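In my numbering, the protein residues as written are 11 to 281. Input: a single structure, listed below in structure tokens.
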């Protein structure tokens with residue numbers, strides 16, 4: 011529908027109702043207003059007539075204004091959400107008769123925010139006892155680059171144009187290995203090593219670790235490690251089990267409902 015003035019709309023309806031002719035209405039409109047390019051179409055004339063019959067006006071209906079936000083409204087929304095903290099905004103809108111956006115603004119003014127649930131593994135009572143009654147050594151090793159290694163997945167340079175930044179690094183970057191063990195009592199390490207991970211090297215690290223344990227830690231503690239090949243080789247497992255017996259948590263022997271991250275993952279940031 012073209013934008014017609016109120017005077018033009020009144021003229022269109024008056025002529026249409028008087029003559030009951032679309033064509034006559036269009037001709038008289040052109041004769042009166044001299045607009046040969048935009049005479050009212052059939053759909054426009056019918057729409058104006060229906061608007062007047064339905065709403066009693068030829069003026070454009072303005073969009074509904076924003077709902078007024080009173081302190082009473084804010085308090086009402088706050089009380090309802092605190093009484094049922096998992097209530098959705100859609101359900102709150104149905105209960106209060108307010109729009110969803112109005113409920114959201116009221117919740118914001120009440121300083122209420124949505125928070126997600128944190129899903130964790132369920133622990134049974136027996137699990138808690140098993141995790142506390144004995145010492146629990148968790149171990150982890152990793153390597154650090156010594157040549158200023160850059161991870162191009164998260165390293166960025168801000169510029170108005172592409173500066174084509176280049177970071178040169180050697181084909182075989184120098185690294186140093188770090189290994190540590192954590193229990194509820196203390197941390198042993200870090201133990202540094204330079205060569206690639208191999209069974210003999212891991213056995214040397216394990217020997218350094220064992221020599222620092224007291225009798226209670228040695229005979230009453232579990233030993234947990236990841237499933238790296240040098241950790242689970244026959245020679246490594248035989249040496250570890252000679253000290254810890256069946257209290258070794260390694261490949262395929264994790265306790266029920268164990269977390270995805272070990273203690274070193276959490277505290278050492280995957281050293």
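Think of the CB as a built atom: it goes at the ideal place given N, C-alpha and C, for glycine as much as any other residue. Just so it is clear, the structure is predicted and the values come from calculations on it, not from any experiment.
In the structure shown, residue 58 falls within a helical segment according to DSSP collapsed to helix, strand and coil.
Residue 243 is a Cβ neighbour of residue 209, given a cutoff of 8 Å. Remark: C-beta atoms of residue 122 and residue 88 approach each other more closely than 8 Å.
Taking C-alpha positions only, residue 91 is separated from residue 106 by approximately 12 Å. Counted as a single uninterrupted DSSP element, the stretch harbouring residue 182 is not any beta strand (DSSP E), since DSSP gives it neither H nor E. Closest by C-alpha distance to residue 120, out of 149, 79, 127 and 154, is 79. Rounded to the nearest angstrom, the gap between the Cα atoms of residue 196 and residue 227 is 11 Å. No beta strand (DSSP E) of 3 residues or more sits fully in the region 36-124.
DSSP places residue 212 inside the alpha helix (DSSP H), whose first and last residues are 209-220.
Across the set 44, 17, 55 and 14, the C-alpha of 55 shows the shortest separation from the C-alpha of residue 33.
DSSP lists 187 as the bridge partner or partners of residue 153. A distance of 8 Å or more separates the beta carbons of residue 187 and residue 231.
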